[in-house]
């Protein structure tokens, strides 16, 4: 019996979940739900249909896990509690500061509805969180570091697009190799924002826009660019489409710590992701945790969870015996 | 109430657990047990004593978790089932091929005795296994690679010492940088043993030993060296002590895989350990899982576990609320 997946929201992330489901033989796509006109949403899977979000309540018996593919700003704070009453759900809520509040609301709703809800699944929060936790627990005396990139930051790209005279833009966050190397030495450096990351901007200008004024405006924008070494490249719309249409991302979680009676030994734990497609990788993590949610539910678990609460074996389609024999 | 740790076996690993316990404020060392004369075993912790292994049964009420620090060849196959009847136990059983059988025996004993027993804890098996599992589950279409080193292989060092004319020796396993780079490109190369690792040997000879014959014997030794590019350095006993008395190790777990409807996007997951002290790092992992064992036991869990079965949050001294607010 396959795990029947529903997808709510068919943007890059929803399409990524659709692709990931096809890569997992123990899963199948049941349906995609959208707030748009379903007739105008073409999906890739020919065995599943597209339905309006209002139809979701009718699918309770036909979906094992609903994967919520909306955004953290406005969609998920509403959707995850709402649908956790009806379905086992997974979301990728990534506004770090609001996670405790979001969790509390989702947990209450999932308990009320008798379902499992796993929030903040992806790579940060998600795989990076797991690595921070494992490394912290194993090396209690040390320091840890998260670097992001090289990758496209949606928030920073949006900030560029809001500047008068900018038609389109793409911003890459780039970890500073020298800072990474310093962390790897085990000296536990204190690093400022500027020392850890640089920001590279590719902007397409409106006709007649003042390039010098725009570059100045970018480089002095507080919170987004002023605290970093920022470079600005003015390019054509054609070049932006050809060279910068991908959504790569990734980064590093490092922890360096000491052991021994005199703290005489140093250790470095480094986890790295290098992703061609940020949304597809996030979707792949969501899909693995959808498997976990379904299993937990069948075992009788109810309520909210994060990736930190879930034993790794639940993510794998392999049996415990297979895992022990082949992978442990 | 601190978790009271017992240590059975006071070699490098046992001493490492003693050091790790001191780094964790929620733990304390209750006692060390040895097969040697306890009067001749000096430990570092002045608040704990050393006792003969025969006294262990009297400590059932004074130890929450017993960490078994013997070897996988002969100690742990006997000790882990025996003591899982009396205590919550952790071991670092690392004979991969025998893990299923060892698990079955330990699981039965732990259930019989009403305890939790976590086997095969360390870094491989252990942290590397976790990373293989997470990466496999997230990128089901791909290939994974484990590289070891640079580090001292005890088994290969022992093999060198068994050669007639060799007084002492140290063997380093070294991952081939070119192979690592090829894996990182995402081309999923097929790599032979020789392509993945080189072996570097430092040997001290008995007086009058034939260096050329010994080098030949090393380089042609099947299973250990013949399948690798092996270099042999004859050095003095003094140099061996000065330059090669540490026990560094580490390695890499990589998985490269594809996502997308046409598998058009590549992703790389890389986990790396760089360890000054193999036994102390292993001990630090054992100690974090001792915390997990105690918690699981207090929650009512019984029986055998591996690292794959344990939710990450159990390893951390932090509460779920703290973890969610600070680390997720």
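Residue numbers (the working numbering), protein chains in the order written: chain A, 123 to 450; chain B, 123 to 450. Even glycine gets a Cβ: it sits at the ideal position worked out from N, Cα and C. Here the structure is a predicted model, which is why all the values come from computation and not from measurement.
- In terms of Cβ geometry, residue 433/B and residue 431/A form a close pair [threshold 7 Å].
- If you check the CB distance, residue 142/A and residue 405/A come in under 7 Å.
- With a threshold of 16 other beta carbon atoms within 10 Å, residue 342/A falls short and is exposed.
- Boundaries of the alpha helix (DSSP H) around residue 202/B: 197-206.
- Secondary structure of residue 323/A (DSSP, three-state): strand.
- Contact note: residue 389/A reaches chain B through 372, 395, 396, 397, 398, 399, 402, 403, 406, using a C-beta cutoff of 9 Å and chain order.
- Using a Cβ-Cβ cut-off of 7 Å, residue 431/A is close to 433, 435 of chain B, given in chain order.
- According to DSSP, residue pairing for residue 416/A in a beta bridge does not occur.
- For residue 175/B, there is no enclosing beta strand (DSSP E), as DSSP marks it with neither H nor E.
- DSSP places residue 346/B outside any beta strand (DSSP E), giving it a letter other than H or E.
- With its beta carbon less than 7 Å from one in chain B, residue 141/A belongs to the interface.
- In this structure, residue 273/A lies away from residue 429/A, with their beta-carbon atoms at least 7 Å apart.
- Judged by beta-carbon spacing, residue 327/A lies within the 7 Å limit of residue 287/A, meaning their Cβ atoms are closer than that value.
- For residue 318/B, the enclosing alpha helix (DSSP H) has its first and last residue at 315-318.
- In the three-state reduction of the DSSP assignment, residue 328/B falls in the coil class, being assigned neither a helical nor a strand state.
- Here residue 282/B carries a helix assignment [DSSP, helix/strand/coil].
- Contact check for residue 175/A and residue 202/A: beta-carbon distance about 14 Å, past the 8 Å limit, so the pair fails to qualify.
- Within a 10 Å sphere around the beta-carbon of residue 293/B sit 16 or more other beta-carbons, which makes this residue buried.
- Taking 8 Å as the upper bound for CB-CB distance, residue 416/A and residue 187/A are in contact here, some 5 Å apart.
- Under a 10 Å Cβ-count criterion, residue 363/A is classified as exposed, with fewer than 16 other Cβ atoms of the shown protein chains found around its own Cβ.
- Rounded to the nearest whole angstrom, the C-alpha separation of residue 402/B and residue 167/B is 16 Å.
- In this model, residue 345/B and residue 283/B are separated by some 16 Å (Cα to Cα).
- Annotation for residue 347/A: 321, 340, 341 place their beta carbon closer than 7 Å to its own, counting only its chain and skipping 5 residues before and after.
- Residues of chain B with a Cβ closer than 8 Å to the Cβ of residue 145/A are, in chain order, 262, 263, 381.
- For residue 220/B, there is no enclosing alpha helix (DSSP H), as DSSP gives it neither H nor E.
- In the DSSP assignment, the residues bridged to residue 211/A are 188/A, 239/A.
- A straight-line Cα-Cα distance of about 20 Å links residue 425/A and residue 422/B.
- Residue environment for residue 400/A: buried (at least 16 other C-beta atoms within 10 angstroms of its C-beta).
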